[in-house]
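S.K.:
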Amino acid sequence: MPSRRSVLAALSAGAASALTGCRFGSNDRPSETPPADGTGSPTGESSATSDATATRTPTATLTPTGTPAPTPTDRRTPSPTATQTPPPTPTETETETTSPPPTAVASLTASDAESYAEFGGSLASVGDAVLVGAEGADAPGAEDAVGAAYAFERVDGTWTQTARLAPESGDPEGRFGHAGALSGDRALIAASELSGTHTISSGAAYVYDRSGDDWTRAGTLSTPDDDRDAFGDDVALSGDTVVAGAPHARTGDDAVSGAAHVFERVDGGWERTATLAPDDGGDHDDFGRAVVLDGDRALVGAPGEPDGTGQGAVYAFARSDGSWTQRAKLVPPERDSEDYVGASLSLEGDRVLVAAPGEDDPNGYFGGAAHTFVASDGEWTHEAKLLPDDGDESDAFGESVALRGDTALVGAEHDEEPNGEDAGSAFLFSRAGAEWAQEAKLLPPDGGPGELFGSAATLTDEFGVVGAFYDDHSDIETAGSAFVFEV
């Protein structure tokens, strides 16, 4: 079966270059109206003068298991049991003071669901539309994992699948749906492998424009100058601009530091107009593993920085008069090797949510954390560190992140509380000023071991969607689902 690269597997293998991409969820809220001033980005190195930690009010007692992080093989093999363990019974005090957590109002599944399709491993949303990636989906009538992406729309409160997008005749083989984004009536879908299941090749990204329920391919983006750069490991879309990460791209000194490529729509076609690279790039930095874009501002994650140690960093770029310039390097106040800061990102305006799924302070080995940074008066400042109320080692809190207004959604796909090993969860946070507080822990209605709920996340003004790409349903094991919550 095809391999899904994951942050946790990379940690177990000791290979920063194998970190997961932040598919769909990292760029699921693009700005449809660029800033009026055309820049809106700060200059200079980032500062970290504020370190407000999100308020942590425990809602249940968790006994750490001490179970080590699974190996890459374990990560790929789900538990054969899908029996849900009931959540802990709230104490009398909790019953009186804690509101019930939100429950899923809809479950999105593929019309042609199949095992190991990885449906829900990537998500994007805009308005009442959601795009769900299934990079392991087979071609119709075949057993080749070429991938697909499914479009859903909410009409009068009901969610309906409106389209299935897949590789076209003549396309190179690839895991279509590995990454993507939505902006208005335009979709961007990346295929991460074009030379076979076990070979990382150049990749490609496909632009689709929508009219009604009909999607038409409008462009193919790639980098023919490097056939092993992992182009499309993550992609971002805002209007007529695309940023595509290529975390295995080589720099001038032949170091594999990574790059991010900018494409723009020109005279009805798509042209590559810039290549972004860090001013201090090093070997195996994985620059381009996560990318986000909002108008004339782009941020690029380098979770392997510096030189493959996995501390991680995020680089901020701004466009002015058609040219892109690095404006800042964002790092939390403290970071250690294998924190993987920048493994996933979500950007809205002047605020970015940055994942650090390997961070072990305070919840232990690979417990994870997420950080917010804010741009103001030309400076990026660390705002807060978000942590789950019941965090534990190996949760991988930060595997997926989503930001919308005063709300943040963070996935922890290896959390075992309360549904078992690798069952997963997601956490909803709200902001008041610079203070972030956990509002709820989200769980699927029928969660069980090995389902990896939290593998992807996206937010709009009214709802959040969380993927569980090994969820069992309709008598199909590991078919994958995406669950919609009102927020």
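In case it helps, this note's numbering puts the sequence shown at residues 31 to 517. Glycine included, C-beta positions come from ideal geometry on N, C-alpha and C.
1) For Asp243, collect the residues of the same chain with a Cβ closer than 7 Å to its Cβ; drop the 5 residues on either side in sequence, then sort them by chain order.
2) Once DSSP output is grouped into helix, strand and coil, what is the label at Val176?
3) Have a look at the DSSP bridge pairing and note the partners of Gln341.
4) Apart from the five residues on each side of it in sequence, which residues of its chain come closer than 8 Å, Cβ to Cβ, to Ala84?
5) How many Å lie between Leu306 and Ala276 at the Cα?
6) Roughly how many angstroms separate the alpha carbons of Pro333 and Val361, rounded to a whole number?
7) Is the beta carbon of Asp215 less than 8 Å from the beta carbon of Arg240?
8) With Ala414 as the anchor, note down where its beta strand (DSSP E) starts and where it stops.
9) Give a yes or no on whether the minimum CB-CB distance between Pro170 and chain C is below 8 Å.
10) Taking Ser232 as the reference, give the member of Ala211, Ala274, Asp337 and Thr303 with the closest Cα.
11) Using CA coordinates, which residue listed in Thr508, Ser353 and Gly494 is at the minimum distance from Ala304?
12) In whole angstroms, what is the alpha-carbon distance linking Gly150 and Val162?
13) Tell me whether Glu183 sits in a helix, a strand or coil according to DSSP, three-state version.
14) In terms of residue numbering, what span does the beta strand (DSSP E) encompassing Gly299 cover?
15) Specify, as a first and last residue, the run of the beta strand (DSSP E) that His503 falls within.
16) Only counting the same chain, and skipping five residues up and downstream in sequence, which positions put a Cβ closer than 6 Å to that of Pro197?
17) Assuming the contact rule is C-beta atoms closer than 8 Å, Glu483 and Glu443 should be a hit. Round their C-beta distance to whole Å, please.
18) Considering Ala464, what are the terminal residues of the beta strand (DSSP E) in which it resides?
19) For Gly478, which option in Ala470, Gly454 and Gly494 has the closest C-alpha, if you only look at C-alpha atoms?
20) In the structure shown, what three-state DSSP assignment does Phe396 receive?
21) Quick check: the Cα distance between Ser24 and Glu447, rounded to an integer number of angstroms?
22) According to DSSP, what are the bridge partners of Tyr370?
23) Along the beta strand (DSSP E) that carries Phe149, what are the first and last residues, could you check?
24) For Val384, which beta-bridge partners are listed by DSSP?
25) Using C-beta distances below 8 Å, list every residue in its chain close to Glu144, excluding the 5 sequence neighbours before and after it, in chain order.
26) The beta strand (DSSP E) that contains Val272, what's its start and end?
27) What separation, rounded to the nearest whole angstrom, lies between the Cα atoms of Thr488 and Val495?
28) Sort Asp476, Ser406, Gly435 and Tyr345 by Cα distance to Gly311 and report the nearest one.
29) Report back the beta-carbon spacing between Glu423 and Gly441 to the nearest angstrom; my notes put them in contact at under 8 Å.
30) Please state if the CB of Ser152 and the CB of Ala235 are separated by a distance shorter than 8 Å.
31) On the criterion of 16 or more Cβ atoms from any shown chain inside 10 Å, does His291 qualify as buried, or is it exposed?
32) Taking the C-alpha atoms as reference points, what is the distance between Ala178 and Ala147?
33) Whole angstroms is fine: what's the gap from Gly288's alpha carbon to Ala462's?
34) Using the rule of at least 16 other Cβ atoms within 10 Å of the residue's Cβ for burial, across every protein chain shown, is Glu364 buried or exposed?
35) Can you give the Cα-Cα distance for Asp420 and Glu165, rounded to whole angstroms?
36) Check this for me: beta carbons of Asp445 and Gly480, under 8 Å apart or not?
M.R.: Let me spell this out:
1) Position 213 of the sequence shown, counting from 1, holds the residue named residue 243. Correct list, in chain order: Thr192 and Ala193.
2) The residue labelled residue 176 in the question sits at position 146 within the sequence shown. Note: Val176 maps to coil in three-state DSSP.
3) Taking the first residue of the sequence shown as 1, we reach residue 341 at position 311. According to DSSP, Gln341 bridges with nothing at all.
4) Numbered from its first residue, the sequence shown carries residue 84 at position 54. At Ala84 the pLDDT is 38, less than 50, meaning the model places this residue with poor confidence and gives no usable figure here.
5) On the sequence shown, position 276 is the one that residue 306 refers to. On the sequence shown, position 246 is the one that residue 276 refers to. C-alpha separation (whole angstroms): 10 Å.
6) Counting from 1 along the sequence shown, the entry for residue 333 is found at position 303. Counting from 1 along the sequence shown, the entry for residue 361 is found at position 331. So the two alpha carbons sit approximately 11 Å from each other.
7) The sequence position of residue 215 within the sequence shown is 185, counting from 1. The sequence position of residue 240 within the sequence shown is 210, counting from 1. Taking 8 Å as the Cβ cut-off, Asp215 and Arg240 qualify as a contacting pair.
8) Mapped onto the sequence shown, residue 414 falls at position 384. Note, Ala414: beta strand (DSSP E), Glu409 to Leu416.
9) The structure shown contains no chain C; it is built from a single protein chain.
10) For the purposes of this step, residue 232 is taken as residue 202 along the sequence shown, with counting starting at 1. Closest option to Ser232, Cα to Cα, is Ala274.
11) Mapped onto the sequence shown, residue 304 falls at position 274. It is Ser353.
12) Mapped onto the sequence shown, residue 150 falls at position 120. Mapped onto the sequence shown, residue 162 falls at position 132. Answer to the nearest angstrom: the Cα atoms are 6 Å apart.
13) As a first step, residue 183 must be located in the sequence shown, where it is residue number 153. Three-state result, Glu183: strand.
14) One-based indexing of the sequence shown puts residue 299 at position 269. Gly299 to Leu306 is the extent of the beta strand (DSSP E) around Gly299.
15) Sequence index remark: in the sequence shown, residue 503 carries index 473 (1-based). No beta strand (DSSP E) contains His503, which DSSP labels as neither H nor E.
16) Sequence index remark: in the sequence shown, residue 197 carries index 167 (1-based). Same-chain partners within the cutoff: Val176 and Phe206.
17) The count along the sequence shown starts at 1 and reaches residue 483 at position 453. The count along the sequence shown starts at 1 and reaches residue 443 at position 413. According to the sequence shown, residue 483 is Phe rather than Glu. About 7 Å separates the two Cβ atoms, so the contact holds.
18) Translated into the one-based positions of the sequence shown, residue 464 becomes position 434. Looking at the DSSP string, Ala464 is not in any beta strand (DSSP E), and its letter there is neither H nor E.
19) Here residue 478 corresponds to residue number 448 of the sequence shown, with the count starting at 1. If we check each option's Cα against that of Gly478, Gly454 comes out closest.
20) Against the sequence shown, residue 396 aligns to sequence position 366. Phe396 falls in the coil class under three-state DSSP.
21) Residue numbering for the chain in the displayed model covers 31 to 517; residue 24 lies beyond these limits and cannot be assessed.
22) As a first step, residue 370 must be located in the sequence shown, where it is residue number 340. Per DSSP, none; premise fails for Tyr370.
23) The residue labelled residue 149 in the question sits at position 119 within the sequence shown. Here the beta strand (DSSP E) through Phe149 covers Phe149 to Val156.
24) The residue you call residue 384 lines up with position 354 of the sequence shown. According to DSSP, Val384 bridges with Leu375 and His401.
25) For this step, residue 144 is matched to residue 114 along the sequence shown. Excluding residues within five positions, the ones whose Cβ falls inside 8 Å are Ala167, Asp168, Ile506 and Ala509.
26) Within the sequence shown, residue 272 is the residue found at index 242, counting from 1. Taken as a continuous stretch (DSSP letters only), the beta strand (DSSP E) holding Val272 covers Thr271 to Ala276.
27) For the purposes of this step, residue 488 is identified with residue 458 of the sequence shown, where counting begins at 1. For the purposes of this step, residue 495 is identified with residue 465 of the sequence shown, where counting begins at 1. One C-alpha to the other measures close to 5 Å.
28) On the sequence shown, residue 311 is found 281 positions in, with the first residue counted as 1. Among Asp476, Ser406, Gly435 and Tyr345, the Cα nearest to that of Gly311 belongs to Tyr345.
29) On the sequence shown, residue 423 is found 393 positions in, with the first residue counted as 1. On the sequence shown, residue 441 is found 411 positions in, with the first residue counted as 1. Glu423 to Gly441, Cβ: 17 Å. No contact.
30) Here residue 235 refers to the residue found at position 205 of the sequence shown. Here residue 152 refers to the residue found at position 122 of the sequence shown. No, the pair does not count as a contact, with Cβ atoms beyond the cut-off.
31) Along the sequence shown, read from residue 1 onward, the residue named residue 291 stands at position 261. Looking at its Cβ environment, which holds 16 or more other Cβ atoms inside 10 Å, His291 is buried.
32) By one-based count along the sequence shown, residue 178 stands at place 148. By one-based count along the sequence shown, residue 147 stands at place 117. Whole-angstrom Cα-Cα distance: 9 Å.
33) Position 258 of the sequence shown holds residue 288. Position 432 of the sequence shown holds residue 462. Each residue's alpha carbon lies about 37 Å from the other.
34) Start at 1 with the first residue of the sequence shown, and residue 364 comes out as number 334. Exposed: under 16 other Cβ atoms inside 10 Å.
35) Sequence index remark: in the sequence shown, residue 420 carries index 390 (1-based). Sequence index remark: in the sequence shown, residue 165 carries index 135 (1-based). If I take the Cα positions, the gap works out to 31 Å.
36) On the sequence shown, position 415 is the one that residue 445 refers to. On the sequence shown, position 450 is the one that residue 480 refers to. No. Outside cutoff.
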